[in-house]
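Enquirer: Heads up, the sequence shown is in my numbering, so the first residue is 37 and it goes up one at a time.
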Amino acid sequence: AIRFVFLKETGSAELEAAQLAKEKELIIRQQVLLAKKEKDIQKRRKKKHYKGMKERQKLGNSSKIWNHFSNNEAG
């Protein structure tokens with residue numbers, strides 16, 4: 037009876053270790069996915085920021101051109 041209890045405890049310890057390993061693996065996978073999402077968000081922000089800079093640059097250039105013509109007509 038003692039040997040059977042020992043085997044049962046060993047089996048449950050192995051099972052518990054396997055479950056802990058699975059949980060750890062799941063946590064790592066979730067962290068990797070979260071890191072990928074964060075990286076994608078950062079990439080989109082940079083892209084959006086760059087696009088916004090280009091738009092502002094276009095607006096700035098067009099207003100300079102407009103001011104140039106306005107000043108020449110006035111003078």
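Each residue gets a CB set at the ideal place from its N, CA and C atoms; glycine is no exception. For clarity, every value in this text was computed on a predicted model and none was experimentally measured.
Pull up the distance between the alpha-carbon of Leu62 and that of Glu91, whole angstroms please.
Expert: 43 Å
Enquirer: By Cβ distance below 7 Å, which residues in the same chain neighbour Glu50 in space, the five residues on each side in sequence not counted?
Expert: none
Enquirer: Which value, in whole angstroms, describes the spacing of the CA atoms of Ile64 and Ala57?
Expert: Ile64 and Ala57: Cα-Cα distance of roughly 11 Å.
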